[in-house]
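Worksheet: one structure, shown below.
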Ligand code: ADP
Ligand code: MG
């Protein structure tokens with residue numbers, strides 16, 4: 011077990027990393043963050059910020075030297091970097107698990123080869139792969155295999171010709187072509203798995219997206235018990251198959267009553283933010299615990315919750331850039347506001363979120379919607 015006041019390493023400095031730093035600090039650890047962005051939200055509050063690229067091996071040496079264990083907050087850390095660091099210090103999750111989740115072709119192939127429920131897809135490496143794709147895939151979504159997030163690197167295509175044009179726009183990047191599914195709704199399971207293989211799932215959340223970006227997450231999900239238990243079971247088996255250690259998330263579609271895995275995230279997840287305020291243990295404390303070889307905390311929710319993302323759009327009143335009126339949110343006593351310390355708001359950029367908690371799920375939903383309308 012790695013105990014306080016040991017120093018933990020975090021690769022990536024976004025809001026997920028920032029919440030990890032906060033959780034680790036409260037538990038008595040110190041944290042070093044490695045992220046090439048000078049203003050990174052996590053770097054601002056860590057004991058040290060290595061403002062370098064992920065393949066700066068001299069910096070990686072120094073980083074590994076000072077950290078008792080290292081984890082990541084985003085899936086695009088090069089797998090080679092994780093492998094390199096693992097020569098010196100425990101790295102959790104391991105590079106191979108991250109490699110599966112960071113490439114949509116590897117991810118879909120993993121789901122298919124291990125018998126997990128997934129939607130119809132084809133790997134697209136060249137134009138001929140589109141010409142030869144099964145006609146039943148259309149209408150479809152073409153997604154770049156790597157580095158897509160929040161709906162970026164995706165094109166909705168109705169037929170083969172549109173897919174060829176979209177593939178051209180992605181400049182030859184490898185892609186997956188996915189059948190566009192009719193979604194009843196979307197859910198996600200955030201879980202933690204420890205070094206002994208014990209899995210602990212947070213309550214399944216129901217996720218609503220706007221323009222491909224998570225907008226609202228409701229936990230517990232308003233769905234049948236059977237979808238919930240199936241989702242938890244599939245998510246836990248995926249974590250086992252990956253030999254995963256740490257916090258991870260599995261996003262699901264429910265399409266015509268069928269549970270289908272959409273994608274996995276080898277890190278805490280936006281839909282798990284409500285765990286900070288609504289659960290006995292947060293997804294970030296679980297990440298610290300799994301990383302350090304501590305027993306997992308209790309994942310039970312003590313409150314119903316609705317989490318609402320705050321995007322940069324909120325900072326714009328027409329063309330005027332101004333700070334939103336936070337007093338309106340602080341007026342609500344069961345609302346928890348979290349801002350990520352990002353220096354500039356851009357439309358679509360995740361700047362913060364709030365979570366409304368309470369005993370009565372319907373009341374919580376009403377309050378959250380009212381708060382959302384009030385802020386803009
Ligand atoms: P990201 O990495 O940006 O989260 P996703 O693959 O999860 O990418 O896509 C974002 C959202 O777009 C999904 O949550 C869902 O609402 C919608 N979407 C993605 N793929 C499909 C699909 N095959 N059929 C229908 N909707 C989809
Ligand atoms: Mg997604």
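In the numbering used here, the protein residues as written are 11 to 386. Yeah, the Cβ is synthetic: ideal placement off N, Cα and C, and Gly gets one too.
The beta carbon of residue 371 sits closer than 7 Å to those of 314, all from its chain and outside the five residues before and after it, given in chain order. DSSP places residue 247 in the helix class (H, G or I) of the three-state scheme.
About 18 Å separates the beta carbons of residue 348 and residue 358, which is beyond the 8 Å limit, so they are not a contact pair. In the three-state DSSP reduction, residue 225 falls in the strand class (E or B). Inclusion of residue 150 and residue 187 in the CB contact set at 8 Å is warranted, their separation being smaller than that value. Residue pairing by DSSP places residue 42 opposite 19 and 58 in a beta bridge. Unbroken alpha helix (DSSP H) runs of no fewer than 4 residues, entirely contained in the stretch 93 to 154, are found at 105 to 111, 114 to 123 and 137 to 141, following chain order. Shown in chain order are the residues whose CB sits closer than 7 Å to a heavy atom of the ligand MG: 261, 272 and 273.
Apart from sequence neighbours up to five positions away, the residues of its chain that approach residue 242 with a beta-carbon distance below 7 Å are 199, 211 and 214, ordered along the chain.
Look at residue 151: its beta carbon is less than 7 Å from one of the heavy atoms in the ligand ADP. If you draw a 10 Å sphere on the C-beta of residue 175, you find fewer than 16 other C-beta atoms in it, and that means exposed. Less than 8 Å divides the Cβ of residue 85 from the Cβ of residue 277.
Judged by pairs of C-beta atoms under 8 Å, the stretch 255 to 267 does not touch the stretch 130 to 140, as fewer than three such pairs exist. Excluding sequence positions up to five before and after residue 60, its CB lies within less than 6 Å of the CB of 44, 69 and 73, all in the same chain and listed in chain order. Within the chosen limit of 7 Å, the ligand ADP reaches the beta carbon of residue 189 through at least one heavy atom.
Only residues of its own chain outside the window of five on either side were considered, and among them 160, 161 and 164 have a CB closer than 7 Å to the CB of residue 222, listed in chain order. Shortest gap from the CB of residue 85 to any heavy atom of the ligand ADP: 7 Å or more. Beta-bridge partners assigned by DSSP to residue 327: 330. When only Cα atoms are considered, residue 268 and residue 226 end up about 22 Å apart. For residue 166, the pairing in a beta bridge is given by DSSP as 151. By the Cβ test, the stretch 230 to 240 is not in contact with the stretch 282 to 298, since fewer than three Cβ pairs between them sit closer than 8 Å. Under the three-state reduction of DSSP, residue 267 is assigned to coil, being neither helix nor strand.
Within 10 angstroms of the beta-carbon of residue 239 lie fewer than 16 other beta-carbons, which makes it exposed.
Within the same chain, and ignoring the five residues on either side of residue 317 in sequence, the residues whose Cβ sits closer than 6 Å to its Cβ are 227, 283, 284, 363 and 365.
Look at residue 57: its beta carbon is at least 7 Å from all of the heavy atoms in the ligand ADP. The Cβ neighbour count for residue 28, taken over all protein chains shown within 10 Å, is at least 16; the residue is labelled buried. The beta carbons of residue 89 and residue 79 sit about 18 Å from each other, so the pair does not count as a contact at 8 Å. Below 8 Å, too few C-beta pairs join the stretch 327 to 339 and the stretch 302 to 310 to call them touching: fewer than three. Under the Cβ criterion (8 Å, minimum of three pairs), the stretch 288 to 300 does not count as touching the stretch 178 to 193. Secondary structure note for residue 317: its beta strand (DSSP E) is the uninterrupted segment 314 to 321.
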